[in-house]
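**Student:** One structure, as structure tokens, below. Some questions next.
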Amino acid sequence: MSGAVISRVQLAAAHDGDAELVVTLRYENGGESLVPLDEHAARVLMGSCGADDPDDLVGKGWGLVRDALEASSNRFMNSNSNAQ
Amino acid sequence: MYDLVIRNGKVVDGSGAPAYSADVAVNGNRIVKIGKITEAARSEVDAAGKVVTPGFIDPHTHFDAQLLWDGCAKPALSHGVTTIVSGNCSLSLAPLKAKHRMKLVGMFNQIEEMPLKAFKEGVVWDWETFSDYITRIRKGLAINVAPLVGHSVIRLWVMNDAAMERTATDAEIAEMQGVLRECLDAGAVGLSTSYVDMDERLQPVPSRYADAREVDALASVLGEYGRVLQIVPEFYDADLTIARLDQLAELSLKHNIPTTFSPLFVNADNLDAVARVMKRVDEQFDRGARVWPQVQTRPIDISFSFAVPSLLFMRMPTWYRIIRFGTPAEIMAAFSDPDNRSKLLQEASALGPLWPTLIFRHANTAANQKYIGQTLEQIAKARGTTPVEVMIDLSLEEELDAHFLSSGMGHNNDKAVGDLLSHPRVHIGASDGGAHILSFSTYGDTGYLFSHFVRDLEAMSLESAVKKITSDTAAIWGIPQRGLLQEGYVADIAVFDAATIERGEEKFVNDVPGDGYRYVRDSHGVDTVIVGGGVAWTAKDGYKDACGEVLPGAVAEKVAA
Chain A
1 MSGAVISRVQ LAAAHDGDAE LVVTLRYENG GESLVPLDEH AARVLMGSCG ADDPDDLVGK
61 GWGLVRDALE ASSNRFMNSN SNAQ
Chain B
1001 MYDLVIRNGK VVDGSGAPAY SADVAVNGNR IVKIGKITEA ARSEVDAAGK VVTPGFIDPH
1061 THFDAQLLWD GCAKPALSHG VTTIVSGNCS LSLAPLKAKH RMKLVGMFNQ IEEMPLKAFK
1121 EGVVWDWETF SDYITRIRKG LAINVAPLVG HSVIRLWVMN DAAMERTATD AEIAEMQGVL
1181 RECLDAGAVG LSTSYVDMDE RLQPVPSRYA DAREVDALAS VLGEYGRVLQ IVPEFYDADL
1241 TIARLDQLAE LSLKHNIPTT FSPLFVNADN LDAVARVMKR VDEQFDRGAR VWPQVQTRPI
1301 DISFSFAVPS LLFMRMPTWY RIIRFGTPAE IMAAFSDPDN RSKLLQEASA LGPLWPTLIF
1361 RHANTAANQK YIGQTLEQIA KARGTTPVEV MIDLSLEEEL DAHFLSSGMG HNNDKAVGDL
1421 LSHPRVHIGA SDGGAHILSF STYGDTGYLF SHFVRDLEAM SLESAVKKIT SDTAAIWGIP
1481 QRGLLQEGYV ADIAVFDAAT IERGEEKFVN DVPGDGYRYV RDSHGVDTVI VGGGVAWTAK
1541 DGYKDACGEV LPGAVAEKVA A
């Protein structure tokens, strides 16, 4: 999947009532899959791509999506806090 | 003399057969006669102008905690729901060792948005085994509960911390099988597992560390009892969902068990994906597998306040920059500054049709309570301003703790959702009742089914809709003698006005332990709800008798044996 790139970007309603960014990854063989990003991951991805608008993400590589998701989950790796 | 007679109603018996006029007589917890009944009764319900149906069964809830302080699962019962399935998505409250309690609370908090304070102040932790938990919730139960046991919890019980680190050994799998048997013997309706959920540290929940042989071993135990396997697949990706349902189909065929997966959402932009999933569902059913997709009736709403950044504003850079990077004081300053405000208004005009429809749903100040539930268009009219300015002003007045809701942002293609709900192999459910209590209301999906898809859109007949949420559900879940109005069946009954039934407006109420709040919806058009022959709720008097049971119960156990 080395050549998978973002082919589409949508704002969507998540199951839990939050807005999320859903990027479509298009693979070299023509297959597609959807990846939902939370607010933190979306912001990291926008930053790493130098994008001002979500549509600017189209054409960017899947590795940046992976890194954004990892950055989002890393926020919680060393925290046991779940206070509400 | 009968204990109870429901007179003059139209009987929609849950089989899909056309409605007919008849009275329904009940003795004890059983329906004993349907027809013209002249004999007297100790208690009577006048159902003139209304329909009389089996009580509704909600197969996807998370009432596990709420049942510890509320045996009615309010307000589900008032909507005509007489049976709930709890313990979905790999999470149940038992079996649970004392040392794992806070771990599980963290998962419930992260995944189902159950407040920690409710657990701390509403729960007396006096159980460990599934049997003890069942004994605990039986006290004062007014609604029937068919409890799933969660795979993540069984894993924690057997493997402790390693449950979230690795696959299980053969010995551990054998021990998990034993624990599952104990839970099924104690009354569990099946096992739930998840392939997507994460805990409070955004680490995969224990069930996600299971390999195929572990799931197969647990499914084989379900096969001994003929009980259900429920899963949450990677529902956002059609290919992965299809791969999971293929795995489910193999387990269903190998162990002769019913399986169900949820959620399955349909939007204008994923029609092809849903069509592909349903094609595979049909293919697997044709092979003899039972793989029921669960589809919810209500659309998905997006809610937000300016206290927390929301991607809803991502296509409006001035707004997003302020709410993403500003402190609360800076956001309020930006909203107050005339120059900045005019920029915001100009940028918001690109989404012109959205703003008037937003619903104001939460305020702290007394002065703004009168606007709760109104659209921004209505409030703007009352204040002589525009919807966007009202949204800004209310946020300032509430120090950013003003909540707004954009309704119908997903699962909102009426034609596609209606077709899906009508599909004979679609299981109507996925309400999530008892969860996400601070984000949105998970109640009233049955009222919405009747008001929107039966009455307004005519996407299905009243009889078909009733069948879908009564006898179909009972059959899928192996719940005997419920789901039909038939002599000899248990008297779980809903009486409602088909012309007026609907879900009420969403409202924020203060009824959660620990002085907590939640979003709920009242029922409209439901007149009387009967559980196990007792009048559990009426529109006139509210909650009454508590005759709920834990299902599938002893009859099912005998059937399985």
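Chains as they are written, first to last, in this note's numbering: chain A, 1 to 84; chain B, 1001 to 1561. Every residue gets a Cβ at the ideal spot worked out from N, C-alpha and C, and that includes glycine. Computed from a predicted structure; not experimentally measured.
Please give me, in chain order, every unbroken run of the beta strand (DSSP E) with length at least 3 that falls completely inside the stretch 1029-1069 of chain B.
**Tutor:** DSSP runs (the beta strand (DSSP E)) wholly in the stretch 1029-1069 of chain B: 1030-1035, 1041-1046, 1051-1054 and 1056-1058.
**Student:** Check whether the Cβ atoms of B:PHE1130 and B:ALA1094 lie closer than 8 Å to each other.
**Tutor:** Cβ atoms of B:PHE1130 and B:ALA1094: closer than 8 Å.
**Student:** Residues of chain B with a CB under 9 Å from the CB of A:GLU39: which are they?
**Tutor:** Under the 9 Å cutoff, chain B gives VAL1308, PRO1309, SER1310, LEU1311, MET1314 and ARG1324.
**Student:** Decide if the stretch 2-11 of chain A is in contact with the stretch 57-67 of chain A; the criterion is three or more beta carbon pairs, one per stretch, under 8 Å apart.
**Tutor:** Judged by Cβ distances under 8 Å, the stretch 2-11 of chain A makes contact with the stretch 57-67 of chain A, as three or more pairs qualify.
**Student:** Can you look up B:PHE1119 in the DSSP assignment and give me helix, strand or coil?
**Tutor:** Here B:PHE1119 sits in helix by DSSP.
**Student:** Express the C-alpha separation of B:LYS1254 and B:ALA1560 in angstroms, rounding to a whole number.
**Tutor:** Interpretation of B:ALA1560 is limited by its pLDDT of 44, a score under 50 that renders its predicted location unreliable; the figure taken from the coordinates is listed afterwards. So the two alpha carbons sit approximately 17 Å from each other.
**Student:** Quick one: grab the DSSP three-state call for B:TRP1125.
**Tutor:** In the structure shown, B:TRP1125 sits in coil (DSSP, three-state: anything other than H, G, I, E or B).
**Student:** I'd like to know if A:ASP67 contacts chain B, where contact means its C-beta is closer than 8 Å to some C-beta of that chain.
**Tutor:** A:ASP67 does not count as touching chain B.
**Student:** Give the DSSP bridge partners of A:GLU20, in chain order.
**Tutor:** Bridge partners of A:GLU20: A:ALA12.
**Student:** Name the chain B residues whose beta carbon is nearer than 7 Å to that of A:GLU28?
**Tutor:** Within 7 Å Cβ-Cβ: nothing; A:GLU28 doesn't reach chain B, min ~15 Å.
**Student:** Looking at the unbroken beta strand (DSSP E) that takes in B:ASN1510, where does it start and where does it end?
**Tutor:** Unbroken beta strand (DSSP E) run through B:ASN1510: 1502-1512.
**Student:** Residues in its own chain within less than 8 Å of B:ARG1287 by CB, not counting five upstream and five downstream?
**Tutor:** For B:ARG1287, where only same-chain residues beyond five positions count, the Cβ hits under 8 Å are ALA1249 and LEU1253.
**Student:** Going along the chain, which residues of the stretch 1424-1458 of chain B sit with their C-beta nearer than 7 Å to a C-beta in chain A?
**Tutor:** Going along the stretch 1424-1458 of chain B in chain order, one finds HIS1436, SER1439 and PHE1440 with a Cβ nearer than 7 Å to chain A.
**Student:** Tell me B:LYS1139's beta-bridge partners as DSSP assigns them.
**Tutor:** Paired residues: none, contrary to the question.
**Student:** Could you say if the stretch 1470-1477 of chain B and the stretch 1414-1432 of chain B meet the contact criterion of at least three C-beta pairs nearer than 8 Å?
**Tutor:** With the cut-off at 8 Å, the stretch 1470-1477 of chain B and the stretch 1414-1432 of chain B touch.
**Student:** Is the separation between the beta-carbon of B:ILE1501 and that of B:GLY1447 shorter than 8 Å?
**Tutor:** Cβ atoms of B:ILE1501 and B:GLY1447: closer than 8 Å.
**Student:** Rounded to whole angstroms, how far is the Cβ of B:SER1439 from the Cβ of A:ASP16, which I believe are closer than 8 Å?
**Tutor:** The Cβ separation is near 6 Å, so the contact holds.
**Student:** Within the continuous beta strand (DSSP E) that includes B:ILE1359, where are the two ends?
**Tutor:** Unbroken beta strand (DSSP E) run through B:ILE1359: 1359-1362.
**Student:** Do you know whose CA, among A:VAL22, A:HIS40 and A:THR24, lies nearest A:GLU70's CA?
**Tutor:** A:GLU70 has its Cα closest to that of A:HIS40, out of A:VAL22, A:HIS40 and A:THR24.
**Student:** Let me check understanding here. Comparing Cα to Cα, which of B:LEU1311, B:ILE1031 and B:LYS1381 lies closest to B:LEU1004?
**Tutor:** Closest by alpha carbon: B:ILE1031.
**Student:** Name the chain A residues that come within less than 7 Å of B:MET1409, Cβ to Cβ?
**Tutor:** Residues of chain A passing the Cβ test: ALA13.
**Student:** Can you tell me which residues form a DSSP beta bridge with B:LEU1004?
**Tutor:** Beta-bridge pairing links B:LEU1004 to B:VAL1026 and B:SER1043.
**Student:** For a test of the three-state rule: what should DSSP assign to B:THR1083, helix, strand or coil?
**Tutor:** Three-state DSSP puts B:THR1083 in a strand.
**Student:** Determine, for A:SER33, whether the minimum Cβ-Cβ distance to residues of chain B falls below 8 Å.
**Tutor:** Answer yes: the Cβ-Cβ gap between A:SER33 and chain B drops below 8 Å somewhere.
**Student:** What three-state label does DSSP hand B:GLN1230 in the structure shown?
**Tutor:** Strand.
**Student:** If you count every other CB in all the chains shown that lies within 10 Å of the CB of B:SER1431, and 16 or more means buried, which is it?
**Tutor:** By the neighbour-count rule (16 or more Cβ atoms within 10 Å), B:SER1431 is buried.
**Student:** Just by C-beta distance, which residues in the stretch 1295-1306 of chain B are closer than 9 Å to chain A?
**Tutor:** Residues passing the 9 Å Cβ filter: PRO1299, ILE1300, ASP1301, ILE1302, SER1303 and PHE1304.
**Student:** Let me check understanding here. Comparing Cα to Cα, which of B:ALA1367, B:VAL1291, B:PHE1404 and B:ALA1118 lies closest to B:GLN946?
**Tutor:** A question about residue 946 of chain B goes unanswered here, because the residues of chain B that appear run from 1001 up to 1561.
**Student:** Do B:ALA1210 and B:ALA1168 have their C-beta atoms closer together than 8 Å?
**Tutor:** Yes. Within cutoff.
**Student:** Assuming B:GLY1087 and B:SER1192 make a contact with CB atoms under 8 Å, what is their CB distance in whole Å?
**Tutor:** Yes, they are in contact, since the Cβ atoms of B:GLY1087 and B:SER1192 sit about 6 Å apart, within 8 Å.
**Student:** Strictly under 8 Å for the Cβ-Cβ distance: is A:LEU21 near chain B by that measure?
**Tutor:** Taking Cβ atoms only, chain B reaches closer than 8 Å to A:LEU21, which makes this a yes.
**Student:** Could you name the residues of the stretch 1223-1250 of chain B whose beta carbon sits closer than 7 Å to any beta carbon of chain D, in the order they occur along the chain?
**Tutor:** Looking at the structure shown, chain D is missing, and the protein chains on hand are A and B.
**Student:** For A:ALA42, return the contacting residues in chain B, with the cut-off set at a CB-CB distance below 8 Å.
**Tutor:** Here the neighbours are LEU1311 and MET1314.
**Student:** A:GLY59 touches chain B at which residues, Cβ-Cβ below 9 Å?
**Tutor:** Chain B residues near A:GLY59: none, gap ~18 Å exceeds 9 Å.
**Student:** Thinking B:LEU1394 and B:ASN1368 are a contact (beta carbons under 8 Å), I'd like their distance in whole angstroms, please.
**Tutor:** About 6 Å separates the two Cβ atoms, so the contact holds.
**Student:** Assuming B:GLY1190 contacts B:LEU1148 under a Cβ cut-off of 8 Å, what Cβ separation, rounded to an integer in Å, is found between them?
**Tutor:** So it is a contact: roughly 5 Å between Cβ atoms.
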